[in-house]
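Shown next, in C-alpha cells, is the structure this report addresses.
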Amino acid sequence: MSTTGQIIRCKAAVAWEAGKPLVMEEVEVAPPQKHEVRIKILFTSLCHTDVYFWEAKGQTPLFPRIFGHEAGGIVESVGEGVTDLQPGDHVLPIFTGECGDCRHCHSEESNMCDLLRINTERGGMIHDGESRFSINGKPVHHFLGTSTFSEYTVVHSGQVAKINPEAPLDKVCIVSCGLSTGMGATLNVAKPKKGQSVAVFGLGAVGLAAAEGARMAGAGRIIGVDLNPKRFEEAKKFGVTEFVNPREHDKPVQQVIAEMTDGGVDRSVECTGSVQAMIQAFECVHDGWGVAVLVGVPSKDDAFKTHPMNLLNERTLKGTFFGNYKPKTDIPGVVEKYMNKELELEKFITHTVPFSEINKAFDYMLKGESIRCIITMGA
Ligand code: NAD
Ligand code: ZN
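Residue numbers (our numbering): 7 to 385.
Below, the structure is given as C-alpha cells:
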C-alpha cells in the first residue's frame, strides 16, 4: 500500500483531560515497529472501561490519551517480524494479548499472557515504550495498547485477532470486548450446570452477554440485578427470567436473592464495576457449591470486604479478564458462532453515531440509555 512505512495523518478523538469531552484532532500515526501492525479502524464501540479511565477512576491519570478498545478494522501495514497478519486482513484489536510463548499462553487455564496481559497504566508501545501517536510532534498516550478512537492505530500483533473477512465489522466489533467478556465469564469461568440458577449483576452489554452465556449453558433461572429499571425490559430478550432492583428492597440484595432461591444462587457473575455489587454477588451464592465471578473493573482505592466464614462455607470467588478467552486462539471462533447464527449480536446494539459525534456515545452510556453504541469511523 502507498502508505506503508509512512506517517499517516488522520482523525482521532483525543481525551485531553479527565471527564472532558473528547476533541476531534488531526494526529500523526507512525508506521508499525517490530511485532506491530497498523490498522484502519472501521467501527468502534464504547465500553464502560473506556469511561472509567476517561473519568480517571481506575488509575493514575494519563492524558492526553486516545481511548477505545472495542473495534473492528483492516490491517494497513505490518512491522518487522509479523508473520501471521498481512495488509487487508480483517481484524479485531483486543485489550489483552497472547504472545503464544509464555507459561500462561501454554496453559489451558489462563489468558493472562506475561507479555501482553491488560495493562491500564502503559501509555506507549511495549517495543520501545514510545507512543505511535503525535500531534504536531508531541506524543499522545495509547490506551490498553488498542486506542481505537482513531481512524488508524498501531497495535502489538499479539493483540490482534484475525477473523473471517465475511463477518460484518459493524456487528462483530463488540466481540472484541463486551460480548466475549460477559459470555466467557459465564461459559468459561462460572460454568453453570444445566438447570442451575445464575444471578447477573449489571445488565449492560457485558452483563447481558453473561446472561446469554447462562442461557447457552442451559441455566434454569437467570436473575438480573440492576439499579436502572430501564434495563429490565431489554434484558428479557437475553433470557433473563427474573429481576431484582436493590433500590426496591429494604433488605440487602444478598438476602433477597437467598430468599428467592432457597439459600442462594448456584452461580453469579458481577458486571457492574461497583465494589458493593461485587460483595453482594459473592455473598448471594449458595454455600457448599456456589461460584461467584467478578468481571467489573473496580475504582483504584476499592477494597473487597467479606467475612472469611463466607469462604469457609465452601463458596468460591473468582475473577476474569476477557472471559478467560485467549484472544488470538479463541476469538475467531466466537465470530464464527455469529456467522453460524448461534449468537445474536444485533440485540446488543442500541445506538449508532458517526465518529464526529463520539461524545454522544459517552452521554448514552452515562445516562444508562445504551447497551452498545457503534461509532462509525470516516463518518
Ligand atoms: P454498562 O455501564 O453498560 O453496564 C453496567 C450496568 O451495571 C448498568 O446497567 C448499571 O446500571 C449497573 N450497575 C451499576 N452499579 C450497580 C450496582 N451497584 N448494582 C447493580 N447494578 C449496577 O457497562 P459495561 O460496558 O456492560 O461494563 C460492565 C463492567 O464490566 C464495567 O465495570 C467494565 O469496566 C467491566 N469490563 C470488564 C472487563 C473484563 O475483562 N474484566 C471487560 C469489559 C468490561
Ligand atoms: Zn471493554
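We put the beta carbon where it would ideally sit given N, CA and C, even for glycine.
Check: residue i C-beta below 6 Å from any heavy atom of the ligand NAD
i	result
T50	no
F288	no
T187	yes
G210	yes
R237	yes
D369	no
Q39	no
V340	no
F69	no
C119	no
C277	yes
N234	yes
F59	no
V301	yes
V231	yes
Q165	no
A283	yes
F207	yes
S280	yes
F73	no
Member of the options whose CA lies at the smallest distance from the CA of residue i
i	options	result
K366	P27, S8, K40	P27
A283	L300, T358, P93, V43	L300
Q286	D268, D293, E172, Q261	Q261
E104	G129, H41, I45	H41
E350	G279, E265, P174	P174
C290	I100, V206, G143, A225	V206
F288	M345, M266, K353, H313	H313
R128	W22, D176, L68	L68
Distance, residue j Cα to residue i Cα
i	j	result
S116	H110	5 Å
T358	I380	5 Å
G190	K343	13 Å
N316	T55	29 Å
V84	E276	38 Å
L323	G184	21 Å
T326	S186	11 Å
G294	D272	10 Å
G296	L318	12 Å
V81	E320	48 Å
**Asked** Can you pull every residue whose C-beta falls closer than 5 Å to some heavy atom of the ligand ZN, listed in chain order?
**Response** C53, T55, C183
**Request:** Could you say if the region 226 to 235 and the region 247 to 255 meet the contact criterion of at least three C-beta pairs nearer than 8 Å?
**Result:** yes
**Request:** Could you tell me whether the region 192 to 200 touches the region 327 to 336, using the rule of 3 or more Cβ pairs below 8 Å?
**Result:** yes
**Message:** I'd like to know if the region 14 to 21 and the region 147 to 159 are in contact, where contact means that at least 3 CB-CB pairs between them fall below 8 Å.
**Reply:** yes
**Message:** Across the region 201 to 218 and the region 85 to 93, are there enough close Cβ pairs to call them in contact, namely three or more that are closer than 8 Å?
**Reply:** no
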